[in-house]
Amino acid sequence: MASAYTELSIFAQVEADGSLSLVNNLGIHLGDSPEEILTNLQHQRYQAKDIEFTEKRASDNEYHERIRDVDADTPSRFNNDGRRLHESAGCAGKLAVFAVRMDTFAIPEKQQVFYVGTNDTEDFYHIRRHMLGNFENLPVSGEYLHRQCYDDSKIYGKDTFIVIDKLGSKYIPKLFGLKRTVDRIAGKFSFLPSKLSDRIMQGLSYLWPNHLPKRMEEYRDKYEHHWIIETSNGGVDEAREYLTEFFKDKDGSFFECTPEEGEKAILHRFVAAGAIGRYHGLNSSDLGSMMTIDVAFPRNEKEWFETLPPEIENQIARKYYYGHLFCHVMHQNYIVKKGVDSKALKDQILASFDKRGAEYPAEHNVAP
341 MASAYTELSI FAQVEADGSL SLVNNLGIHL GDSPEEILTN LQHQRYQAKD IEFTEKRASD
401 NEYHERIRDV DADTPSRFNN DGRRLHESAG CAGKLAVFAV RMDTFAIPEK QQVFYVGTND
461 TEDFYHIRRH MLGNFENLPV SGEYLHRQCY DDSKIYGKDT FIVIDKLGSK YIPKLFGLKR
521 TVDRIAGKFS FLPSKLSDRI MQGLSYLWPN HLPKRMEEYR DKYEHHWIIE TSNGGVDEAR
581 EYLTEFFKDK DGSFFECTPE EGEKAILHRF VAAGAIGRYH GLNSSDLGSM MTIDVAFPRN
641 EKEWFETLPP EIENQIARKY YYGHLFCHVM HQNYIVKKGV DSKALKDQIL ASFDKRGAEY
701 PAEHNVAP
């Protein structure tokens with residue numbers, strides 16, 4: 341488990357006097373002038389002797405220690421973490437980055453995805469603390485999905501799921517290119533509905549049979565909270581033994597995914613964000629605006645699943661919760677009721693995060 345970060349990159353920046361300069365901190369000698377550097381980079385004109393190996397980091401190699409500190413009252417990772425703001429990493433879009441060097445890791449000899457379900461959020465709190473605090477081998481990832489998010493991802497993310505599952509992720513840019521073309525043409529004709537491409541793709545998706553594995557669907561009916569835990573090597577046996585013991589006297593449960601189930605579980609979680617946007621776009625005439633917040637909660641936060649006070653809850657038409665539970669980074673989407681002042685409501689929600697010692701934005705937005 342390592343957080344994405346690097347101190348090795350080539351980037352262009354605007355200097356204080358307004359001039360443009362190219363900075364080569366990639367650790368590879370590519371020449372002296374900007375033209376020479378970029379040309380050699382593009383055509384990979386360098387040899388092993390040109391590559392430097394220094395003390396500069398190409399990943400957050402301290403992250404495994406940081407995330408294991410489950411009693412800390414600060415988040416494990418967030419955008420404005422001064423520890424990990426260095427040149428192209430955390431540049432907030434103010435640099436033009438041409439290349440980065442990242443650490444690579446050995447392919448695991450053994451992998452296993454565990455699908456965990458519960459109706460008690462405290463179960464996930466205890467599992468998280470034990471795995472991070474006691475396992476010799478950290479899990480690879482842990483993706484959380486609430487039932488509402490599960491349901492709308494199944495309906496409104498189905499077409500994206502099928503394209504990736506059947507054709508591969510390389511077809512996604514082509515799919516979105518086609519969507520833009522359809523919407524651009526449709527925009528020229530007033531009698532055509534808005535979001536025409538989404539409406540067409542949504543309609544076509546209904547013709548395809550259920551794409552989710554039977555055991556996942558059974559867990560959807562039984563449990564409100566879903567956690568997809570990916571493990572490797574020695575962590576597989578650690579997780580199996582611990583989860584078996586943990587759920588002996590609990591209402592929740594788990595199953596070991598087949599390779600196909602594991603891939604589909606992770607893909608189902610992956611399409612969630614797009615599915616939420618699709619739902620809002622197709623139903624926007626009956627709804628208010630949508631707020632998307634990615635927030636990092638302290639590592640010792642017990643109440644990781646949000647409970648809103650009635651005065652806020654009553655202004656929201658639909659809520660979605662999904663995220664990376666091990667690092668306590670959650671994606672929380674709120675679709676407000678029509679007529680609600682979304683800015684004022686967002687200020688209330690963010691104020692509640694401040695009281696809990698959370699940091700935001702945690703992921704998708706840029707750091708200050």
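Offset between the sequence shown (1-based) and my numbering: plus 340. For glycine and all other residues, C-beta sits at the position ideal for the given N, C-alpha and C.
inquiry  = If you reduce the DSSP assignment to three classes, tell me which class S343 lands in.
reply    = strand
request  = Would you kindly work out how many angstroms separate the C-alpha atoms of I368 and F438, rounded to a whole number?
outcome  = 13 Å
inquiry  = Per DSSP, what are the beta-bridge partners of A735 in this structure?
reply    = In the structure as shown, the chain starts at 341 and stops at 708, and residue 735 therefore has no counterpart that could be examined.
query = Going straight from the alpha carbon of R560 to that of G614, what length do you get?
reply = 20 Å
message = Give me the DSSP bridge partner(s) of K335.
response = This structure leaves residue 335 out entirely; the chain is present only between 341 and 708.
Residue span of the alpha helix (DSSP H) that contains I616, given as start and end = A612 to L622
request  = Go ahead and label W644 buried or exposed: buried means 16 or more other beta carbons lie within 10 angstroms of its beta carbon, across all protein chains shown.
outcome  = buried
task = Please report how far the alpha carbon of D460 lies from the alpha carbon of D634, in whole angstroms.
result = 23 Å
message = Buried or exposed, going by whether 16 or more other CB atoms sit within 10 Å of the CB of S361?
response = exposed
ask   = Applying the criterion that 16 or more other CB atoms from any shown protein chain within 10 Å of the CB defines a buried residue, is F418 buried or exposed?
value = buried
inquiry  = Assuming V480 and T346 are in contact, meaning their beta carbons sit under 8 Å apart, how far apart are those beta carbons, in whole angstroms?
reply    = Their Cβ separation, rounded to whole angstroms, is 20 Å, which puts V480 and T346 out of contact at 8 Å.
Cβ distance (whole Å) where H608 is taken to contact F501 below 8 Å = 7 Å
request  = Please classify V410: does DSSP put it in a helix, a strand, or coil?
outcome  = coil
query = Based on the DSSP secondary-structure assignment, which residues constitute the bridge partners of Q452?
reply = T571
query = Expressed to the nearest angstrom, what Euclidean distance is found between the alpha-carbon atoms of D411 and E646?
reply = 20 Å
query = When DSSP labels each residue in this structure, what does E462 get in the three-state scheme?
reply = helix
task = Kindly indicate the opening and closing residues of the alpha helix (DSSP H) around D492.
result = R487 to Y496
task = Put K588 into one of helix, strand or coil per three-state DSSP.
result = helix
ask   = Is there contact here, the stretch 616-626 with the stretch 382-400, by at least three beta-carbon pairs under 8 Å?
value = no
query = Should S625 be labelled buried (16 or more other beta-carbon atoms within 10 Å of its own) or exposed?
reply = exposed
key: Distance, Y403 Cα to Y465 Cα   = 20 Å
ask   = If you draw a straight line from the C-alpha of N673 to the C-alpha of N380, how long is it?
value = 44 Å
task = Name the residue from P649, E603 and M631 whose alpha carbon lies nearest to the alpha carbon of I504.
result = E603
ask   = How about Q452 and T571: are their beta carbons less than 8 Å apart?
value = yes
ask   = Taking all protein chains shown into account, do 16 or more other C-beta atoms lie within 10 angstroms of the C-beta of Y455, making it buried, or fewer, making it exposed?
value = buried
Straight-line gap, E641 to S692 (C-alpha atoms, nearest Å) = 14 Å
ask   = If R424 and G433 are in contact, beta carbons under 8 Å, what's the gap, nearest whole angstrom?
value = That pair is no contact at about 16 Å.
Whether R468 touches E564 by CB criterion (8 Å) = no
message = Going by beta-carbon coordinates alone, are Y546 and A612 separated by less than 8 Å?
response = no
task = Could you tell me the boundaries of the beta strand (DSSP E) in which R658 lies?
result = I656 to H664
inquiry  = Using the three-state DSSP reduction, which class does G358 fall into: helix, strand or coil?
reply    = coil
ask   = Would you report the Cα separation of N364 and F351, rounded to the nearest angstrom?
value = 7 Å
message = Judging by CA-CA distance, which residue of G457, P448, K498 and P701 is the nearest neighbour of L478?
response = P448
query = Taking the alpha carbon of H426 as the point to measure from, which residue in P415, Q542, S399 and E375 has its own alpha carbon closest?
reply = S399
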